[in-house]
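K.L.:
Quick one: structure below, then a few questions.
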Amino acid sequence: MQKSILVSVLTATSLLINANLAVADSITVNSCDRKVSFDAPPNKIIVHDLNMNEMVIALNLEDRMVGVTGVTGWYKKEGPALLKKLGGVPELAPKYPTLENLLAVEPDLFIAGWYYGMKPGGEVTPDILAQHGVKTLELTESCIHLDQARKPASMDLLFNDIKRLGVVFKKSKEAEVLINKWKAELASIKKAIGAKAGKRVFLYDSGKEKPFTAGKFAIPTAMIEAAGGKNIVDDMSTSWGRTSWETVASRNPEFLLLLDYSEDGSGADGLMDFLKSHPAMSETDAVKNSHYVALRYAELTPGPANINAIRKIAAGMYPERF
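Position 162 (the sequence shown) corresponds to 226 in the working numbering; numbering is contiguous.
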């Protein structure tokens with residue numbers, strides 16, 4: 065009888081210790097003000113969009129990927145190269161995935177964002193995925209679509225997302241090395257620019273009737289500032305959205321960022337041809353002087369490519385300093 069009691073006590077103690085160890089090993093991170101907890105690093109992840117795939121690749125997490133989405137649907141110049149780099153990782157959907165697309169490979173984590181693979185009220189959301197045992201990490205830049213009481217964009221959008229991935233996958237040291245490297249690069253760019261900065265910059269993504277561009281909460285606003293410029297529509301209380309040509313022309317941009325893809329395949333050259341033919345925009349300093357730089361999609365959405373893109377922007381605006 066005493067032996068039985070002793071065994072029971074030891075078993076209970078062992079279970080308690082193991083439970084405490086599990087709690088100690090668990091990780092909780094923030095995702096759009098949601099608390100997301102992991103008992104262990106996820107082993108079967110799906111990653112949406114080029115920029116978030118580049119984040120995952122930067123931390124050498126390709127061996128955990130069971131699928132990608134939203135890679136080839138719009139960005140034909142970059143998508144095939146990324147898929148080739150990932151080897152046998154399948155693209156489950158070229159644009160936004162369905163719930164069926166995702167559940168088919170039985171993932172434990174989906175890395176995406178609002179209007180980066182998910183839409184409020186859509187069939188793929190963190191709440192719906194949670195019902196199927198799938199956790200979600202949201203791109204921080206995209207959280208503005210759920211809560212507008214957020215700070216204007218800064219490069220912390222990139223740094224903190226990388227740091228969070230480092231925590232979740234127990235690669236915090238690797239993440240810290242990356243972030244420190246990027247910060248050093250930004251410091252060198254700032255030093256090269258010097259005191260003379262502040263050129264008026266406009267990002268033109270697409271759209272002829274109304275231009276689609278980056279506002280206060282989109283990372284290009286922070287990138288432009290880091291490159292020694294000022295986004296002329298940084299008063300737009302959105303991340304990405306539309307403005308009017310009258311507004312843009314009246315603020316007379318001195319320099320343009322042109323997204324090097326378009327639905328008709330003409331790229332940055334096609335955008336510039338349109339601006340030269342536009343009655344108002346053709347009179348702006350940037351268009352008259354053909355002052356612009358063409359950038360890839362992944363360079364203008366939060367991801368590792370932002371850093372080199374900032375150098376490109378700075379060199380385009382201040383070539384004598386680079």
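From the three backbone atoms N, C-alpha and C, an ideal C-beta is built for every residue, glycine too.
Comparing C-alpha positions only, which one of Met129, Leu147 and Arg228 sits nearest to Ile243?
P.N.:
Minimum Cα distance to Ile243 is reached at Arg228.
K.L.:
Apply the 10 Å Cβ neighbour rule to Ala86 and answer buried if 16 or more other Cβ atoms are within range, or exposed otherwise.
P.N.:
Since pLDDT at Ala86 reaches only 44, below the 50 mark, its modelled position is unreliable, and no value is offered.
K.L.:
Where does Phe386 fall in DSSP's three states?
P.N.:
Correct three-state label for Phe386: coil.
K.L.:
Just to check my reading of the structure: Gly367 and Met119 have Cβ atoms closer than 8 Å, yes? What is that Cβ distance to the nearest angstrom?
P.N.:
So it is a contact: roughly 6 Å between Cβ atoms.
K.L.:
Going by CA-CA distance only, name the one from Met336, Leu163 and Gly137 that's closest to Leu114.
P.N.:
Among Met336, Leu163 and Gly137, the Cα nearest to that of Leu114 belongs to Gly137.
K.L.:
By alpha-carbon positions, which one of Pro284, Asp333 and Val169 ends up nearest to Ser303?
P.N.:
Out of Pro284, Asp333 and Val169, Pro284 has the C-alpha closest to the C-alpha of Ser303.
K.L.:
Going by alpha carbons, who is nearest to Val169 out of Leu359, Val132 and Gln195?
P.N.:
For the residues Leu359, Val132 and Gln195, the minimum Cα distance to Val169 belongs to Val132.
K.L.:
Taking DSSP as the reference, what is the three-state secondary structure of Arg375?
P.N.:
Correct three-state label for Arg375: helix.
K.L.:
Buried or exposed: which applies to Ile142, given that a residue is buried once 16 or more other Cβ atoms fall within 10 Å of its Cβ?
P.N.:
In the sequence on display, residue 142 carries Glu and not Ile. That one is buried.
K.L.:
Less than 8 Å between the C-beta atoms of Leu203 and Ile371, yes or no?
P.N.:
For Leu203 and Ile371, no; Cβs fall outside 8 Å.
K.L.:
Would you mind stating whether Leu91 and Ser101 have Cβ atoms separated by less than 8 Å?
P.N.:
Going by the sequence as given, residue 91 is Ile instead of Leu. Yes, these two residues count as a Cβ contact at 8 Å.
K.L.:
Just to confirm the assignment, what range does the alpha helix (DSSP H) spanning Glu395 have?
P.N.:
With the chain running from 65 to 386 in the structure shown, residue 395 is simply not present.
K.L.:
CB of Ala194 to nearest heavy atom of the ligand SAM: below 7 Å?
P.N.:
Looking at this structure, you won't find the ligand SAM or any other ligand, since it has none at all.
K.L.:
Whole angstroms are fine: how far does the CA of Tyr268 sit from the CA of Thr277?
P.N.:
Roughly 6 Å between the two C-alpha positions.
K.L.:
Within a Cβ cutoff of 7 Å, which residues of the same chain sit near Val93, ignoring the five residues on either side of it in sequence?
P.N.:
These residues qualify, in order along the chain: Val100, Arg228, Val231 and Val232.
K.L.:
Classify Leu210: buried if its beta carbon has 16 or more other beta carbons within 10 angstroms, exposed otherwise.
P.N.:
By the neighbour-count rule (16 or more Cβ atoms within 10 Å), Leu210 is not buried but exposed.
K.L.:
What residue range does the alpha helix (DSSP H) around Met119 cover?
P.N.:
That run of the alpha helix (DSSP H) goes Leu114 to Ala122.
K.L.:
Where do the N-terminal and C-terminal ends of the alpha helix (DSSP H) with Arg264 fall, by residue?
P.N.:
No alpha helix (DSSP H) holds Arg264; the beta strand (DSSP E) holding it covers Lys263 to Tyr268.
K.L.:
What would DSSP say about Phe174, mapped onto helix, strand or coil?
P.N.:
Note: Phe174 maps to strand in three-state DSSP.
K.L.:
Classify Val297 as helix, strand or coil using the three-state DSSP reduction.
P.N.:
Looking at Val297 - three-state DSSP - the assignment turns out to be coil, as it is neither helix nor strand.
K.L.:
Have a look at the DSSP bridge pairing and note the partners of Met129.
P.N.:
According to DSSP, which records beta bridges pairwise, Met129 is partnered with Ile109.
K.L.:
For Asp337, which residues of its own chain have a beta-carbon under 8 Å away from its beta-carbon, when the five flanking residues on both sides are left out?
P.N.:
Around Asp337: Ser330.
K.L.:
Roughly how many angstroms lie between the CA atoms of Asn124 and Glu384, to the nearest whole one?
P.N.:
Roughly 37 Å between the two C-alpha positions.
K.L.:
Taking its Cβ as the centre, do 16 or more other Cβ atoms sit within 10 Å of Ala239, making it buried, or is it exposed?
P.N.:
Per the 10 Å Cβ criterion, buried.
K.L.:
Using DSSP with H/G/I as helix, E/B as strand and the rest coil, what is Phe281?
P.N.:
Reduced to three states, the DSSP call for Phe281 is coil.
K.L.:
Is it the case that the Cβ atoms of Pro275 and Thr307 are separated by a distance below 8 Å?
P.N.:
Closer than 8 Å, so yes.
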